[in-house]
Amino acid sequence: MSEFLTKEGQKYEDFALVNYCPIEELQATLRELIHLPTGAHVMHLENNDPENLFCLSFKTLPKNSNGAPHILEHTVLCGSRKFPVKDPFFSMNRRSLNTFMNAMTGSDFTCYPAATQIEKDFYNLLEVYLDAVFHPTLHELSFLQEGHRLEFTQPDNPQSPLEFKGIVYNEMKGAMSSVDTRIWQALMESLVPDLTYSHNSGGDPKEIPNLTYKDLIAFHETYYHPSRCLFFFYGNFPLKKHLDFITENALTGVQKLPPLDGIGHQNRFKKPIQKTVSYPISEEENLEKKHIYAFGWLTTALLNQEEVLALTVLDSVLMDTDASPLKKALLDTKLCIQVESCMDVEMTEVPLAFIFRGCGENAAEKIEKTLFENLEKISKDGIPYSLVEASLHQLEFSRTEIGGDHSPFGLTLFFRSALTKQHGCSPEHSLTLHTLFQEILEKAKDPYFFSPLIEKYLLHNPHFVSLSFDPDTQLIAKEAKEEKERLKKIKKTLTEKQIARILDETKKLVTFQESSEKQKLDCLPKVTLADVPAETRDFSLQTRQRREMEIFHHDTFTNHILYTDLVFDLPNLNQQELMDLQLFIIFWSELGAGKRSYSENLEALHAHTGGIGAHISLHVQASDPIHSKPSLQLHGKALKRNTEIFFSLLQEMATDPRFDESKRIKELVQKLHNSLQNRLTRNA
0 MSEFLTKEGQ KYEDFALVNY CPIEELQATL RELIHLPTGA HVMHLENNDP
50 ENLFCLSFKT LPKNSNGAPH ILEHTVLCGS RKFPVKDPFF SMNRRSLNTF
100 MNAMTGSDFT CYPAATQIEK DFYNLLEVYL DAVFHPTLHE LSFLQEGHRL
150 EFTQPDNPQS PLEFKGIVYN EMKGAMSSVD TRIWQALMES LVPDLTYSHN
200 SGGDPKEIPN LTYKDLIAFH ETYYHPSRCL FFFYGNFPLK KHLDFITENA
250 LTGVQKLPPL DGIGHQNRFK KPIQKTVSYP ISEEENLEKK HIYAFGWLTT
300 ALLNQEEVLA LTVLDSVLMD TDASPLKKAL LDTKLCIQVE SCMDVEMTEV
350 PLAFIFRGCG ENAAEKIEKT LFENLEKISK DGIPYSLVEA SLHQLEFSRT
400 EIGGDHSPFG LTLFFRSALT KQHGCSPEHS LTLHTLFQEI LEKAKDPYFF
450 SPLIEKYLLH NPHFVSLSFD PDTQLIAKEA KEEKERLKKI KKTLTEKQIA
500 RILDETKKLV TFQESSEKQK LDCLPKVTLA DVPAETRDFS LQTRQRREME
550 IFHHDTFTNH ILYTDLVFDL PNLNQQELMD LQLFIIFWSE LGAGKRSYSE
600 NLEALHAHTG GIGAHISLHV QASDPIHSKP SLQLHGKALK RNTEIFFSLL
650 QEMATDPRFD ESKRIKELVQ KLHNSLQNRL TRNA
């Protein structure tokens, strides 16, 4: 590792090192610095990973649901002072060899990450991003395009009806048609009504039209300032160059602003709250078993990291699989078809909720009673050590895996460390997992270790909400009617001047969009062949023959994780056989194997693997590219230390699956049916 800045208090130019911490399990070194003239924070995770990443992160705290953070995220990427093109973000995708490039709006932050293995490309992207966030043009026409606007359905005919348009507006109309989005938003509004999380940072379509262009400018001025930015860097490019670059391109000549106020804490309830709300389903659906119930608590503060980790492990133990003790007990009651839990460990105070789907009408009280009875039983009986080991294994696996969520490992570490830092936590605490896991394992030898947590935050916590979601086949139509009535009222109040402005803005926006198609992109930086390494990394493929089986092996760094695929050629299948194959793929890893029942098999998979599953692949034939060859692939992954038991499980599942578990198969069919209906509702 670099010897540059290794002692707290050391300075480089205007930067002071405030934290230096080697993270052995990541083979990385964490450095935190402050830029003294502006107060800007820098985090750097140095290691040998050639996929370098930067992320510019801002705390963005909505005071309502007008979508200001989300619309601003879109609008800053519509041109800037140095790069006055209409879409530098997408244009750079064609001038870069980036491995990742995005922008994201969270409930209390907005971030702009990009990753690449080429140093010139890295600084090209960083220059464009820095100019975009600190010096965006924020053209009013960009706001109308990305956010919202009024337009006549016949753009040049003021006699035609009005409609709302805008990229974010339409995006959020789609998002709010999702049952899951509505459930989570209702939970936040009920659990933390005093905090920013009660607002929809993405924007509620009913409130988005209230956002003005001036509001957007003011939001940018408040939150997008270098003093209030966290500059995050990851990889093997030298920190010194990063510091020099952001000094020249973002920090020089900037006046320091004070830090933003913290988010604060929710006033705790003295007694639980009950609410009933509606959610949309299609008119064709049967209302039977369509009720959803959600029960949520506000638990500990994020700063209490030991408790947060213990609650995370407890949630995993209780609910990760259909064989987990609480989940299995709840499913066995037949009061629901599906039940899942959800926690958000990126909020100042951590919510924990259980969501029951496929339930009968007026079942909230009965389900709540059953939930509390089972929590009380688990608290009283204690939790077996083996279940804690299995859950910690899953947490270890998810935090060890590189690219498990198809994003750069550096971005995974950003979310684990930098976001908690923005809440006042020590980032190294979120990065040094193995020590923390060992502490939990040691304490969990006492089967009642988790009982005080269950008692304090679940059984005897008055900050509790019970939400009933009733299906409504007319809700979408009602909301569409309300929107039409709102637009009619707006139209009735329009003056001639306002009508003329709508017509003018529509024409100007068309011209603006057409000009963006003809824009010259020469101002944007690019990589050339000279910037690209002449040699690529070698991922050699080794081949071995074992009996009748041909084995292909890539020997490469995977952070001690083994990945395996068993590939079986598929014969010609008729329509019914294809449908049966699809069911096989869905059910195979959810059933027992050999002498193990489905619950025993799920527990074994949870304890020793990162997951085993199946899928169909189509392989283009090199000798005949217009034809593809189908195959069934059984795939799995495991930590290297579990290789032997992993292959034993995979072999038994492949050769002796328990298709005799008819009761279990019926449960899986019901779950699948419920999931498909929810998906249809979501996409309606």
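Numbering that gives the first Met the number 0 puts the sequence shown at residues 0 to 683. Note that CB positions come from ideal geometry on N, CA and C, so glycine has one too. Note that the structure is a prediction, hence the values are computed from the model and not measured.
Per the Cβ contact rule, the stretch 554 to 565 is in contact with the stretch 628 to 640 (3 or more Cβ pairs under 8 Å). Here residue 94 is near residue 523, since their CB atoms are less than 9 Å apart. Less than 9 Å divides the Cβ of residue 236 from the Cβ of residue 121.
By the criterion of at least three beta-carbon pairs nearer than 8 Å, the stretch 326 to 346 is not in contact with the stretch 390 to 400. In terms of Cα proximity to residue 669, the closest of 288, 620 and 263 is 288. In this structure the stretch 148 to 159 does not lie against the stretch 225 to 233, because fewer than three pairs of beta carbons, one per stretch, are closer than 8 Å.
With at least 16 other beta carbons inside 10 angstroms of its own, residue 242 counts as buried. In this structure, the alpha-carbon of residue 511 lies about 25 Å from that of residue 202. With distances taken between CA atoms, residue 504 lies nearest to 138 out of 99, 296, 138 and 462. A distance below 7 Å between beta-carbons, with the five flanking residues on each side excluded, links residue 383 to the following residues of its chain, in chain order: 446.
In this structure, the alpha-carbon of residue 487 lies about 44 Å from that of residue 414. Where residue 562 is concerned, there is no enclosing alpha helix (DSSP H), although the beta strand (DSSP E) around it starts and stops at 560 to 568. Within 10 angstroms of the beta-carbon of residue 145 lie 16 or more other beta-carbons, which makes it buried. For the 9 Å CB-CB criterion, residue 200 and residue 59 form a contact.
Boundaries of the beta strand (DSSP E) around residue 348: 348 to 358. The C-beta distance from residue 54 to residue 231 rounds to 4 Å, short enough to fall under 8 Å. Assignment of residue 265 by DSSP, reduced to helix, strand and coil, places it in the coil class. In this structure, the CA atom of residue 165 is about 18 Å from the CA atom of residue 514. Note on geometry: alpha-carbon atoms of residue 135 and residue 102 lie some 15 Å from one another. DSSP, read as helix, strand or coil, puts residue 672 in helix. Secondary structure of residue 201 (DSSP, three-state): coil.
Here residue 605 is buried, its C-beta having at least 16 other C-beta atoms within 10 Å. With fewer than three CB-CB distances shorter than 8 Å, the stretch 385 to 396 does not count as touching the stretch 470 to 485. Under a 10 Å Cβ-count criterion, residue 527 is classified as exposed, with fewer than 16 other Cβ atoms of the shown protein chains found around its own Cβ. A straight-line Cα-Cα distance of about 7 Å links residue 439 and residue 309. Under the DSSP definition of a beta bridge, residue 631 partners with 567 and 615. Apart from sequence neighbours up to five positions away, the residues of its chain that approach residue 63 with a beta-carbon distance below 7 Å are 198 and 206, ordered along the chain. For residue 179, the uninterrupted alpha helix (DSSP H) run begins and ends at 178 to 190, by DSSP. For residue 471, the secondary structure class from DSSP, reduced to helix, strand or coil, is strand. Of all C-beta pairs linking the stretch 460 to 470 to the stretch 265 to 276, three or more are shorter than 8 Å, placing the two stretches in contact.
Our two residues, residue 2 and residue 654, have alpha carbons roughly 54 Å apart in a direct line.
Taken in chain order, the unbroken stretches of beta strand (DSSP E) that lie wholly in the stretch 420 to 504 and span 3 residues or more are 463 to 471.
Measuring C-alpha to C-alpha distances from residue 519 to each of 90, 317, 43 and 23 identifies 90 as the nearest. Beyond the five residues adjoining it in sequence on each side, residue 291 comes within less than 6 Å, by CB distance, of 356 and 468 in the same chain, given in chain order.
Shown here for residue 350: same chain residues with a beta carbon closer than 6 Å to its own, the five before and five after excluded, namely 190, 295, 297 and 343 in chain order.
In this structure the stretch 27 to 34 does not touch the stretch 173 to 180; the number of beta carbon pairs closer than 8 Å is below three.
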